[in-house]
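Read the structure below first, then the notes.
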Amino acid sequence: MTVRTLPRRLGVLVIVAAIVVFLSIKLNTFRDYQIAEIAYEVTAVAGLTMLTGLSGQISLGNGAFMAIGAYTTALLLLHLTWPFVAVLVIAAAVTAVAGGLVGVAAARLRGPYLAGATLMLGVALPAIAYAFPGVFGGDEGLNVVFTVPSSLGANFPLTRWQAWVSAAVALVTLLLLANLEHSRIGRNWRAVRDNDVAAALDGINVAAARIRAFVVSATSAGIAGALLAIVTGLVAPGAFTITLSIALLTAAVIGGLGSLPGALWGSLVIVLAPTYVTDVATSHGLSASVGANIPIVAYGALLILVMLVFPQGIQGGLDRIIAAFVGPRRRTRTGRTAPAPAITPSADPPGSPGPASQHEKEGTS
Amino acid sequence: MKRSQRLRWQATAIATVAALAVAACSSSSSSSPSSSNSTAALTASAPGITATTITIGSHQPLTGPAAPGYSEIAPASTAYFNYVNAHGGVYGRKIIYKYLNDAYDPTTTASVVRQLVLQDNVYAIFNGLGTPTHLAVVSFLNSDKVPDLFVASGCDCWDNPTTYPETFGYQLDYVREGKILGQYVAQHFKGKKVAFFYQDDEFGMDGVKGLDYEIPASMVVTKQSYVDTNVNIAPQVAALKASGAQVVVSFSIPAFTALLKLYSLKLGYTPTLVVSDVNSDVYTLDGLLEAYAKQGGATVSGSQLTDGIITDDYYPTPGETSNSWTALFKKIHDQYDTKEPWDGNAYYGEAVAYAFVQAMLKAGRNPTRADLVSAVNGGLTQGPAVAPFAYSSTNHDGITGAYIAVMSNGGLTQEGPVLITDTSATGSITTYSGTEQTAPASGIPSP
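Order-wise, the sequence lines are chains A and B.
Under this note's numbering, the very last position in the first sequence is 570; numbers go up by exactly one each time.
Under this note's numbering, the very last position in the second sequence is 1005; numbers go up by exactly one each time.
Here's what the structure looks like:
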């Protein structure tokens, strides 16, 4: 089975890449832009879902890691005209270091304390841009120039190129994360999440596993930030408010904590839903103050609905539906007695954000 | 084996659903604008223009920190467009104004403006609000050659016809405003100690730049700044008091002007306040003062606190009902914009819409996008503004002057003549000699 894992995942990657290319050519340029938005969103959400769903740590500061990645990208592209791949690698490395530093502190904290500490990071870090306007451009931010390579011809739409680059980077990141999830590192994360005392007794270095999860999550966020920089063309502190960090966590929870496909569902929801709801809200002649707030209300209602119907997120719900139809047939064929195990942390009681309930008793650290 | 089957199944399902989801999204927008009446004189001469309609778009902060007050602007513009539509439209075409909420977040601005341009095919972006937000899209709009008219921000950065030929400012920029306020302070408070209080971004810094051009450095005892994400300005106010400044010139947004006033009162510090015209909507400022004081457990009268504050303005005031423009805009507001209050923001929204209609009429019967840009480059008459526009092919600044005004009884009283100037350090400030226009009887500009 392990022999065939990589070719299989590569196969999936190629199929999805082909679909993205097909859609980007078939659809209008705004949809290309949305594909690019979904790509950077899913990169950040995937990293967070690994952290929260697998290693059991919560982070409200991943927006800040995106800011680090985005500013690194903007500064490198502004001052040194390096190829984007090199810039991306450096942006990822810088956020990995930042994630490691935060991870060292985070490995000592639990549940709400960790949430509070990362929240502080999410609020405070983007403010540095205001403190050093000479370097970071202050409130106005930094412009990022990203162009279509001339080899693609003069009429190649920029948004399509942005969609391609973002989707390619996102897919490679997802592939690496999927490998990590099913490797020894991923198993250690799950062990630490479910019972850190038992994990420590089994010889797992709990602190190291936690720090590693933070580094992985921060690196993904940094890559996402780099993509955001080239997609929107501007890196400004207003883009990295605490709302962003919360939106990332929301997407991870809606999609299904700990699930990479879930990260995609969550990203689709938070990128596409606002556009639709706004169209509906503005087309009914409501007063501005009411119409403007309807998308926010609908967003909240959607969250509640998903959590009520699919406590394990969209992917958890899909797994359940699949199990209901496919499960029995598969069970008779393979002789299993239980339906296919959900890949989300299904041991959690419904509705509880997994990690918090896991750590009510103090463990070693 | 079993596991691999399940994963493969999942992957296929994901890919399919993702494809369907994105494809479904596009189905509503794939039809291209129809050019039906090929025989009629009115043609679909540009993206967003059909024989019967002109569709324009904007990004506005309808929710979030910038929404109070500013969220009234786009509905007021819509009201004016609806008035024009009901009275013959622009060469018979009706204006459809589609503004989307960006909540003052530049990433959202980048997304909604691309939606308007790439998907909704708007003819132009009109009155996009905010400096950091609009900066996120100005390169995109110019590289896609979309007219970007009358940005709702006083940043001097919109006047850059070489790099941004499609972009035009509208309101009095903060450098000019700083010069006009600075000259007043230098002349009327000779020998007094002056302090600056400003927002630490281009708004505040441009303002201070203008002030520094006019106020001798020897008069200025301290300069204190704040960031709009931190409402605790007690340290700055304490520093202002400690400096012994008798006059405080403030380039702050209304929320922070109110905080400045309240913190000063708390310290028993009562300097003469001179504030930027972003505060000249006394209605909003009074409301903020009362709301903040209430949060702190005190009851104050907003209009009593604002009495005597010196500011400037570039329109007739909303209370001046004998003025032909005020009468016109108030009438349109009362008919088409009943859900929003009548105040300075509503005035602004209608006035900027008036300028847009004028530009559209000037651009001709079947305009291309370039026609609209060259129409504005050819100059516009000032309409309701008290000073002329700077528009030319080499200057994309908007209104060039203002008058000094003093707040009293919840309104503004003009003090002295209309002053005009430029953005340079040496450019003189002169009294505007032209006469203000009166509103056309039809309420619709002539080209």
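Think of the CB as a built atom: it goes at the ideal place given N, C-alpha and C, for glycine as much as any other residue.
Computed from a predicted model, the values in this text were never measured in an experiment.
Cut-off 7 Å between Cβ atoms - residues of its own chain near residue i, not counting five sequence neighbours on either side
i: Ala251(A); result: Thr378, Leu379, Leu382, Ser425, Leu465 and Ala468
i: Asn935(B); result: Tyr949, Ser950 and Ser951
i: Glu994(B); result: Val944
i: Leu769(B); result: Gly736, Leu739, Gly740, Phe754 and Val807
i: Ala624(B); result: Tyr662 and Gly688
i: Phe445(A); result: Gly268, Ala269, Met271, Ala272 and Pro331
i: Ala911(B); result: Ser635, Tyr638 and Phe639
i: Gly327(A); result: Leu265, Gly266, Gly268, Ala269, Ile447 and Ser450
i: Thr971(B); result: Ala963 and Val964
i: Pro876(B); result: Thr884, Trp900, Asp901, Gly902 and Tyr905
i: Ile409(A); result: Asn393, Ala396 and Val397
Minimum C-alpha distance to residue i - residue among the options
i: Pro362(A); options: Phe698(B), Pro664(B), Pro705(B) and Leu674(B); result: Phe698(B)
i: Asn881(B); options: Pro942(B), Val910(B), Pro829(B) and Ser801(B); result: Pro942(B)
i: Asn718(B); options: Val696(B), Asp929(B) and Arg734(B); result: Val696(B)
i: Val976(B); options: Ser861(B), Pro633(B) and Arg734(B); result: Arg734(B)
i: Val858(B); options: Thr611(B), Phe914(B) and Asp844(B); result: Asp844(B)
i: Tyr784(B); options: Ala999(B), Phe761(B) and Ser991(B); result: Phe761(B)
i: Arg417(A); options: Ser371(A), Gly430(A), Val302(A) and Trp366(A); result: Val302(A)
i: Ala311(A); options: Asp524(A), Ile263(A), Ile220(A) and Glu345(A); result: Ile263(A)
i: Val476(A); options: Thr665(B), Lys652(B) and Ile1002(B); result: Thr665(B)
i: Asp871(B); options: Gly974(B), Gly647(B) and Pro899(B); result: Gly974(B)
i: Asp786(B); options: Gly496(A), Ile501(A), Ala456(A) and Gly343(A); result: Gly343(A)
i: Asp895(B); options: Ala632(B), Ala602(B), Ile654(B) and Pro874(B); result: Ala632(B)
i: Phe351(A); options: Asp399(A), Pro338(A) and Leu283(A); result: Leu283(A)
i: Ala744(B); options: Arg672(B), Tyr771(B), Glu724(B) and Gly826(B); result: Tyr771(B)
Cβ shell of residue i (< 6 Å), same chain only, five flanking positions each side left out
i: Ser587(B); result: Because Ser587(B) sits at a pLDDT of 36, beneath the cut-off of 50, its placement in the model cannot be relied upon, and the following sentence gives the value as read from the coordinates. These residues qualify, in order along the chain: Gln677.
i: Val247(A); result: Ala375, Ala468, Leu469 and Ser472
i: Thr210(A); result: none
i: Ile607(B); result: Tyr681
i: Gly568(A); result: The predicted model places Gly568(A) with a pLDDT of 40, which falls under 50 and marks its position as unreliable; any figure quoted below should be read in that light. Cβ within range, chain order: Asp401 and Val402.
i: Leu189(A); result: Residue coverage of chain A in this structure runs from 206 to 570, which leaves residue 189(A) outside it and unanswerable.
i: Ile868(B); result: Val832 and Val964
i: Arg923(B); result: Tyr649
i: Lys652(B); result: Thr611 and Asn643
Sequence-distant residues of the same chain with beta carbon closer than 8 Å to residue i, five excluded per side
i: Ala404(A); result: Asn393, Ala396, Val397, Val411 and Ala414
i: Pro829(B); result: Ala753, Leu798, Ala803, Gln804, Val805, Val806 and Ser822
i: Val340(A); result: Leu280
i: Leu357(A); result: Trp366
i: Ala373(A); result: Ala222
Assumed close pair residue i, residue j - CB separation to whole angstroms, cut-off 8 Å
i: Tyr649(B); j: Leu600(B); result: 7 Å
i: Asp758(B); j: Tyr732(B); result: With 8 Å as the limit, Asp758(B) and Tyr732(B) do not qualify as a contact, their Cβ atoms being about 14 Å apart.
i: His526(B); j: Phe726(B); result: Examination of residue 526(B) is not possible in this model, given that chain B is present from 559 through 1005 alone.
i: Ser810(B); j: Leu818(B); result: 6 Å
i: Gly902(B); j: Asp839(B); result: 3 Å
i: Leu501(B); j: Glu386(A); result: There is simply no residue 501(B) to check, as chain B begins at 559 and stops at 1005 in what is shown.
i: Gly615(B); j: Ile683(B); result: 6 Å
i: Thr234(A); j: Arg365(A); result: 7 Å
i: Glu507(B); j: Gly855(B); result: Lying outside 559 to 1005, the shown extent of chain B, residue 507(B) is not represented and no answer is given.
i: Lys751(B); j: Val779(B); result: 5 Å
i: Ala668(B); j: Gly438(A); result: 7 Å
Q) What alpha helix (DSSP H) runs, 4 residues minimum, are completely inside the stretch 913-943 of chain B? A) If we require 4 residues or more, the alpha helix (DSSP H) runs fully inside the stretch 913-943 of chain B come out as 927-935.
Q: May I ask you to list, following chain order, the residues of the stretch 498-519 of chain A that have a beta carbon less than 8 Å from some beta carbon of chain B?
A: Residues of the stretch 498-519 of chain A with a Cβ closer than 8 Å to any Cβ of chain B, in chain order: Asn498, Pro500 and Ile501.
Q. Taking any Cβ of chain A, which residues in the stretch 684-697 of chain B have a Cβ under 7 Å from it, in chain order?
A. Taking 7 Å as the Cβ-Cβ cut-off against chain A, the residues of the stretch 684-697 of chain B that qualify are Thr689, Pro690, Leu693, Ala694 and Ser697.
Q: Pick out the complete beta strand (DSSP E) segments inside the stretch 787-825 of chain B, 3 residues or longer, and give them in chain order.
A: Taken in chain order, the unbroken stretches of beta strand (DSSP E) that lie wholly in the stretch 787-825 of chain B and span 3 residues or more are 805-809.
(Q) To be precise: take each residue of the stretch 655-670 of chain B, compare its Cβ to all Cβ atoms of chain A, and keep it if any distance is under 8 Å. Which residues remain? (A) Result list: Lys656, Leu658, Asn659, Tyr662, Asp663, Pro664, Thr665, Ala668 and Ser669.
Q: Compile a chain-ordered list of the residues in the stretch 228-246 of chain A whose CB is closer than 9 Å to at least one CB of chain B.
A: Contact annotation: in the stretch 228-246 of chain A, residues whose CB is within less than 9 Å of a CB in chain B are Leu228, Lys231, Leu232, Asn233, Thr234, Phe235, Arg236, Asp237, Tyr238, Gln239, Ile240, Glu242 and Ile243.
Q.
Please give the ranges of any alpha helix (DSSP H) in the stretch 683-721 of chain B, keeping only runs that are unbroken, at least 4 residues long and fully inside the region.
A. Counting whole runs of 4 or more residues, the stretch 683-721 of chain B contains the alpha helix (DSSP H) stretches 689-693 and 696-701.
Q: Starting from the N-terminal side, write out each stretch of the alpha helix (DSSP H) that is 4 residues or longer and does not extend beyond the stretch 359-408 of chain A.
A: DSSP runs (the alpha helix (DSSP H)) wholly in the stretch 359-408 of chain A: 363-386, 389-399 and 401-406.
Q. What residues from the stretch 615-631 of chain B come within 7 Å of chain A, judged by C-beta to C-beta, listed N to C?
A. Here the close residues are Leu620, Thr621 and Ser629.
Q: For the stretch 597-674 of chain B, list the beta strand (DSSP E) runs that are entirely contained and at least 3 residues long, ordered along the chain.
A: Qualifying beta strand (DSSP E) stretches, in chain order: 611-618 and 652-659.
Q | Residues of the stretch 442-453 of chain A with Cβ closer than 9 Å to any Cβ of chain B, in chain order | A | Under the 9 Å Cβ criterion, the stretch 442-453 of chain A contributes Pro442, Gly443, Ala444, Phe445, Thr446, Thr448 and Leu449.
Q. Which residues, taken in chain order from the stretch 752-767 of chain B, show a beta carbon closer than 8 Å to some beta carbon of chain A?
A. Taken in chain order, the members of the stretch 752-767 of chain B whose beta-carbon sits within less than 8 Å of a beta-carbon on chain A are Asp758, Asp759 and Glu760.
**Q.** Short-range partners of chain B found in the stretch 316-340 of chain A, where Cβ spacing is below 8 Å
**A.** Answer in chain order: Ala332, Tyr335 and Pro338.
Q: Anything in the stretch 723-743 of chain B with a Cβ closer than 8 Å to a Cβ of chain A? List those residues in chain order, please.
A: Taking 8 Å as the Cβ-Cβ cut-off against chain A, none of the residues of the stretch 723-743 of chain B qualify.
Q) For the stretch 371-396 of chain A, which residues have a CB atom closer than 7 Å to at least one CB atom of chain B, in sequence order? A) Those would be none; no residue qualifies.
**Q.** Secondary structure, beta strand (DSSP E): runs of 3+ residues fully inside the stretch 720-758 of chain B
**A.** Runs of the beta strand (DSSP E) inside the stretch 720-758 of chain B: 725-727 and 752-757.
Q) If contact means a Cβ-Cβ distance below 9 Å, which residues of the stretch 812-840 of chain B contact chain A? A) Listed by position, the residues of the stretch 812-840 of chain B near chain A (Cβ gap below 9 Å) amount to none.
Q. Between the stretch 775-793 of chain B and chain A, which residues of the former have CB atoms less than 9 Å from a CB of the latter, in chain order?
A. Taken in chain order, the members of the stretch 775-793 of chain B whose beta-carbon sits within less than 9 Å of a beta-carbon on chain A are Val785, Asp786, Thr787 and Asn788.
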